[in-house]
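Just below is one structure, and these are the notes that go with it.
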Amino acid sequence: MCLTRTLLEAKGIRKVFPGTVALDHVSFELLEGEIHALMGENGAGKSTFLKIVTGALQPDAGEIYIAGRSVKMHSPVDARRMGVAIVHQELSLFPDISVMENILVGQTPTRAGFMRRRQMQEICEHYLERFQVRFSPTDVVKDLSVSQQQIVEIVKALVTDADVYIFDEPTSALSVDDASRLFGVLRELKSKGKGVIYVSHKFDEIFQLSDRITVLRDGSLIGTVPTSETNADEVIRMMVGRSIERIYPEKGRPNGQVLLKVQNLNAGSKCRNVSFELHKGEILGVFGLVGSGRTEIMRAMAGIAPRTSGEIAMDGHAVRIHTVQDAMRHGLYYLTEDRKEQGLFLKMSIRDNVAVTHLERLSKRGLIQRGPARDLANNVIRDLRVKAKDDEQLVGSLSGGNQQKVMIGKWISRQPKVLILDEPTRGIDVGAKAEIHQLLRRLANEGIGIIVISSELPEIVGLSDRVMVIHNGAVAGILTGQQLNDETIMEFASGLHKETAVG
Amino acid sequence: ATGCSTNGNASTSSSSGSSGGSSSAFQGSSSETYYMVTFLSGIEYWKGCFAGMQAAAKDLGVKAVFTGAPQYDINQEVTTMQQIIAKHPAGILVTSINAQAMTPVINQAIAAGIPVISFDSDAPQSKRYAYLGTSNVEAGQKAADYLGQALGGHGQVAVITTPGELNLDQRVQGFKEEMAAKYPGIQVVAVQNGNSDQIKTAQVTSALLQTYPHLAGIFCTEADEGTGAATAVQEAGKTGQVKIVSFDTDKATLNAIKSGEITATVAQGTWNMGFWGLMDLFAIHHNLVHPVANWQQNGVDPVPPEVDTGVTIVTKSNVNAYLQQ
Amino acid sequence: MQPVDTAPVNIDKERETWLRKVARIRELTIVLVIVVLCIILSFMSSSFLSVDNIVTTILSIVMTAIVSVGMTVALVSGGFDLSVGSVMSMAGVVTGSLALDGMNVWLAAIFGLLASLCSGLVTGLFIGKVKINPFIMTLGMQGVVQGVAYVVTQGAPLSVTGVPKSFLYLGQGNLLGIPVLIWILAVVVVVADFIMRRAALARKVYYIGSNEAAAYLSGIRVSKVKVWIYIFTALLAGIAGILTLSRFSVAAPTAGQGMELQAIAACIIGGASLTGGEGTVLGALLGSVLVGIVNDALVLLNVSVYWQSLVTGFVLIAAVTLDVLTHRKKAS
Amino acid sequence: MQPVDTAPVNIDKERETWLRKVARIRELTIVLVIVVLCIILSFMSSSFLSVDNIVTTILSIVMTAIVSVGMTVALVSGGFDLSVGSVMSMAGVVTGSLALDGMNVWLAAIFGLLASLCSGLVTGLFIGKVKINPFIMTLGMQGVVQGVAYVVTQGAPLSVTGVPKSFLYLGQGNLLGIPVLIWILAVVVVVADFIMRRAALARKVYYIGSNEAAAYLSGIRVSKVKVWIYIFTALLAGIAGILTLSRFSVAAPTAGQGMELQAIAACIIGGASLTGGEGTVLGALLGSVLVGIVNDALVLLNVSVYWQSLVTGFVLIAAVTLDVLTHRKKAS
Ligand SMILES: Nc1ncnc2c1ncn2[C@@H]1O[C@H](COP(=O)(O)OP(=O)(O)OP(=O)(O)O)[C@@H](O)[C@H]1O
Ligand SMILES: Nc1ncnc2c1ncn2[C@@H]1O[C@H](COP(=O)(O)OP(=O)(O)OP(=O)(O)O)[C@@H](O)[C@H]1O
Ligand SMILES: [Mg+2]
Ligand SMILES: [Mg+2]
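Line order of the protein sequences matches chains F, B, H and Y. Start counting the first sequence at 562; every next residue gets the next number (the working numbering). Start counting the second sequence at 10; every next residue gets the next number (the working numbering). Start counting the third sequence at 15; every next residue gets the next number (the working numbering). Start counting the fourth sequence at 15; every next residue gets the next number (the working numbering).
Pasting the structure below:
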């Protein structure tokens, strides 16, 4: 260890945003040939720290050393020049432009100021092959699925010839296969003596992959430990400050009463002949590989996307759901997977965000009553334990987990019958995740039917009473009891049991 | 039109104060300010008017200020007028964007004891003392007469104008009426929008030349339209073949007349409007004219109420006189 | 802000609370700019603070301000409306020509407003339902509506004579020594401000401007609300057009030319954002006032007409730059 | 996406490839619209498809098209530029007045271009560095630059006489029977198109328009590129202004009025998006051509002036609606 070089070092980093101290006295060290995991709750300051060491933000105090030399980085270009490449947490692609231009942004091969397209294509193909992708470098990014876009994002970092590679939650939208391909690439980088900083909320990945773990809490450094000398419980304790006994709540005891019955739902190629039932008090997990069409099925069911055929019955009565308003009238709510873009009003207060689904109830003669609106928001903050100053705080300034809670809050305060949650814990830390799981189970026990889409197998297995597996836009199987294990679910998800499952 | 008697005092007192040190009655003081209020104030046309006003101001030893509303906007001109009234000047020379809209505010000035003379574009129902200008209808008729004769009384002609501007509309009206009345052999085949813009006019003119291959004449109601049309005619290789009558006497138009690209233009007596307008204002402000005793009380206009400053057709033969100005 | 500092920081915060609250008011910068400008101008020109001049200045911005209030709503929703100027002319022209044809002028005014509403409805349907970009849609409608005004008048301004005094009173009368137009503006601003702050429908506009997709998924009928937005914008433009007719007794097809840009400028000076979600009625009013004062100053200070557009442009840039710089810290 | 389905799907794709590729060309709709319009017009007016008329029509859109090419770049970056019309007048006026003062006209033209570049530089710095919204910044610059044109000319159009033939040849000459202006337009379009497709600097504009935050994080100096964008836009506007001077031998301070909206309309008809990231030089040209044909048709069919703005507005809305409807499926 003593002989290995330190590739990147940060000492006493401090960063203050108006109203928050995002980082305080944070020190960090990345060695040659090391995969160093950075962990912490939502809002702990991980992304902020990474932005500082890559020049996208300027620290208020502290020093950064690269290969032992103190450096000042004024912009992302500086970081890149010093051999630091990063995949940001938020997708940072250019939707209107081709894949190859996305990948080679900032380092386009040129001759006399003009792009060399042939060469660009070759470089990209070389890297894309490793991920066995089904798109070409000349495709436009906005036509790709989210997971394909994430691969483009990763390749974008890989093509830079850097010494330090930083990944901020790269697998949040990746399939299991793609994730393991990524791990292969990371190990290869490590064997070449490069350093990797890796941020994730997924413990299995961290323990598979990393050499050391650094934990941040509320902007402060809690400590750095070698992965081999620690375990998940200890890391959680470092992150949260207490231990969390059970990650997943007890399973429920649904009484078998059918709450929702969907028959022969069809909507494009990603929703074909979908039929299933949801029981009262049940959590139905929906699993499928990324891009399998889970979102499309649920959107079609909830009246958001048009459908070509299909009957929906609630409590035994056929219902017409063709618009969001229809769905709301019947107490069927869909919570989008895209919290920032489609779920919340980031520039508005918690109160406004909660009030949006209650406008009729909150207004008298067309005017919104302030008192009730405030009470409603405060109830949500209290019941869901949202960490916020008050109900006038802007939602955009909350941490990811708390944002998610506000989004759940604005719907459950409307007394749902059926709640559909699309990736409710994507990018959310263990603590908040456990709280959301408890909350969902509590709601289910109150008699609500809950559908949870998730790409995380452990979550699906841990949380669901039954699991519906989607493969290529169709139901591959509905699993219960003994079948709720990783292997069986994966087999169905990859289409191996297609014929046997659906009669 | 009469001034309000109660305010007569104000003007006399200020005039006695200002003319105290001077020997001649036609000598004002430099603190005495007269305003010219216009619309579309940036256009060159007003410069001729203001040049006349300035000449008079210099002779009289008073100050003349040019102002107005940059846009073709009633509200803006009325507001400007009100702002000028708030400054209590010695007199206002105003051209009205719209007669009816300007009438109340002109009356407001008169009521405040400020003499107002109307020029170029009148507000006849108002209490202004006098109007100096040419009738736009008449100017259009003059243009028609010239073009009618130049074409020998037959052929196709087109008009290019900017719709919605009153004075331009009146020129078109005069032109068309005169043609219909006096030159039955001449057909006004199209009225097109040149938008007071060379590029737009050139486009419209080219299209007109395509549509009417035998087009013999074009009347443009605005100077930029004249030069735009001339360029398009030249680009079609028809210079001289298509006679263009334009309006007003800016340098570009005059040069184009000299080179033969434009056949003629209608010149208005702009200088005289400004010069005599200020003279009137000065005379009223200093109470120098007494056509009858106590004209204020008796409702007699102290100055000639309507003065025609006349139009002249400028052609190659007399263009040099204008170019030398 | 480190543990040790916590206590003093908190006390500091309490102490600054009301000051901060004031400083947080989005419109503060512009109020300050207006005040400073007024002080400077009152020194430079004695007539600036005269009652006459103040009334004149406010009177000159009544129409811009009314149109800006409507524009604010469009801007808050993330759209905008380039057709307001034409709608203004058209409303006046329709009213005027019907009145000249012998119709009772109040009835004619209702037809004028209906015509405006129709235009707003068409705009709203295309933007809300067909999902045409507001810029290009309202640019097209600008042409269409202006065209209607031209066709109705055949280009010539209509002089409306012999209409009832009661109608002219709107634009020319005084109430308690203050022009009725100013009272009308006050009512429009107060009512619209209240609506924008409190009405459920108006909140929907903020939701849409803030995040259209989220608004849709939260059950807001986005396209329907958008139709209402452009109807409202057109309605206010129509009102401004009819008031213009009443004020000048003239309905000109060019009456509202350039109004759209003035109104947008006023709104933006007043803190509205072109990306939606932000903007207040009060801001629109203050923006209009600032523009009005600058125009007033140009005349009062005898600024050469050839310099006026330069100065106006400069002031616009300066005002917005100041605003951006003072709000910079919050933004980043 | 599953192994079994892969084969048929792929074959399907192969088969439709070329058809799809053609259909995917963003400009296809507008080419079709132009062709259909031409066919209809050639039946309605025999002179429509004459060489003379075609040349005339193209000549009439040269300035709009050149300005639109610059505007495209601003639009692609997610901004836009309302000052192009004023810059056009100012470039002409500066050149003209210097030439009248006895300076060699080519040197004067260089000064005219420099003045345009300065204006673009100021605009770009405020938008890029101070981060003022492009709408309001360029609206302000429109006033400032227009003001400069007025101050230079004191309102009067400058008649430029006695300048070298070589200069006038640009705007008035013919080369191989085709007006030099058309050759210039062709060169501008071809060069700009190539640059926008292939030059690394120009691609940065697409990056910025597509996702500005990501562009910044990817190491693109966003504010610097923005400065270049507005310099380029102003440069093309300046060129258009000088060509206008050469064509008419007159530099009017009002020369480019309304050009900004025409240019934006042309770009959007040609497929550019106001939200950035989309737009091509070819599209801008086609958009200008469509507008030119419509204007031409209005005269050919002797449409009353009072109906013209109605028809133009209607065509604008129709063209964009058609485009939105045909591209609807891709969007959703
Ligand atoms: N631009 C900003 N302005 C103000 N506050 C900010 C800004 N960016 C981040 N913050 C705040 O800084 C803190 C740290 O945020 P950061 O994004 O680094 O957290 P994180 O550890 O990456 O969380 P997550 O796991 O959710 O990604 C949070 O409280 C956040 O609200
Ligand atoms: N009509 C739509 N409007 C907006 N977003 C959509 C629409 N349809 C799909 N999406 C989003 O586009 C993305 C593409 O999803 P993709 O096809 O990769 O996976 P999916 O079908 O959602 O399956 P999964 O949920 O299993 O990932 C999704 O994030 C989805 O939310
Ligand atoms: Mg993060
Ligand atoms: Mg999904």
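For every residue, glycine included, the Cβ atom is placed at its ideal position computed from N, Cα and C.
- For F/Leu584, the enclosing beta strand (DSSP E) covers residues Thr581 to Leu592.
- Shown in chain order are the members of the stretch 180 to 200 of chain B whose Cβ falls below 9 Å from a Cβ of chain Y: Val198, Ala199 and Val200.
- Chain-ordered, the chain H residues with CB closer than 7 Å to the CB of B/Asp178 read Gly169 and Ala170.
- Within the same chain, Ala139 come within 6 Å of B/Pro314 by CB-CB distance, once the 5 residues on both sides are set aside.
- Membership of F/Ser836 in any alpha helix (DSSP H) is not indicated; the residue belongs instead to the beta strand (DSSP E) covering Val835 to His840.
- What H/Asn147 touches in chain F, judged by beta-carbon distance under 8 Å, is nothing: the nearest beta carbon there is about 16 Å away.
- For F/His687, the uninterrupted alpha helix (DSSP H) run begins and ends at Arg678 to Arg691, by DSSP.
- In terms of side-chain proximity, the C-beta atom of F/Asp621 is found no nearer than 7 Å to any non-hydrogen atom of ligand 1.
- Placement of the Cβ of F/Lys751 at a distance of 7 Å or more from every heavy atom of ligand 1 is found.
- Pairing B/Asp289 with B/Gly308, the inter-Cα distance amounts to about 17 Å.
- Following the DSSP letters along the chain, one finds Y/Gly270 in no beta strand (DSSP E), marked with neither H nor E.
- For the stretch 273 to 304 of chain H, the set of residues with a beta-carbon nearer than 7 Å to any beta-carbon of chain F comprises Gly291, in chain order.
- With a cutoff of 8 Å on beta-carbon distance, Y/Ile141 and Y/Lys240 are scored as near each other.
- Residue pairing by DSSP places H/Ala213 opposite F/Leu928 in a beta bridge.
- Under the DSSP assignment, Y/Lys238 falls outside any beta strand (DSSP E), being part of the alpha helix (DSSP H) whose first and last residues are Val236 to Phe262.
- If the five residues before and after F/Leu839 are omitted, its C-beta is found closer than 6 Å to the C-beta atoms of Leu820, Leu821, Leu845 and Gly1010, all from its own chain and listed in chain order.
- B/Gly161 is classed as exposed because its beta carbon has fewer than 16 other beta carbons within 10 Å across all chains shown.
- At least one heavy atom of ligand 1 is found less than 7 Å from the C-beta of F/Asp990.
- The CB of Y/Gly116 never comes closer than 9 Å to any CB in chain H; the least such distance is about 23 Å.
- Residue burial is scored here from C-beta neighbours: B/Asp129 has at least 16 other C-beta atoms within 10 angstroms and is therefore classed as buried.
- Bounds of any beta strand (DSSP E) do not take in F/His998; it lies within the alpha helix (DSSP H) bounded by Val991 to Asn1006.
- For the stretch 904 to 926 of chain F, residues whose beta-carbon sits nearer than 8 Å to a beta-carbon of chain H comprise Gly904, Leu905, Phe906, Leu907, Lys908, Met909, Asp913, Ala916, Val917, Thr918, Leu920, Glu921, Leu923 and Ser924.
- Secondary structure of F/Arg742 (DSSP, three-state): helix.
- H/Ala298 and Y/Leu89 have their C-alpha atoms spaced approximately 27 Å apart.
- Beyond the five residues adjoining it in sequence on each side, F/Ala863 comes within less than 8 Å, by CB distance, of Ile882, Val885, Ala888, Leu893, Tyr894, Tyr895 and Ile981 in the same chain, given in chain order.
- Y/Ala265 is a Cβ neighbour of Y/Thr109, given a cutoff of 8 Å.
- A direct Cα-Cα distance of roughly 18 Å separates Y/Leu339 from Y/Leu304.
- CA-to-CA, the gap between Y/Ser318 and H/Met273 works out to about 25 Å.
- Collapsing the DSSP output to three states places F/Ala617 in coil.
- Between B/Val312 and B/Ala292 the beta-carbon gap is near 7 Å, inside 8 Å, which marks them as a contact.
- Taking 8 Å as the cut-off, the Cβ atoms of F/Leu735 and F/Leu743 count as close.
- Taken from the Cβ of F/Lys763, every heavy atom of ligand 1 lies 7 Å or farther away.
- Taking the CA atoms as reference points, B/Ser215 sits about 19 Å from B/Thr262.
- C-alpha of F/Ser1025 to C-alpha of F/Glu843: approximately 8 Å in a straight line.
- Checking the 7 Å criterion, the Cβ of F/Asn914 is out of range of every heavy atom belonging to ligand 1.
- For H/Asp66, the closest C-alpha among the options B/Val71, B/Lys96 and B/Asp259 is that of B/Lys96.
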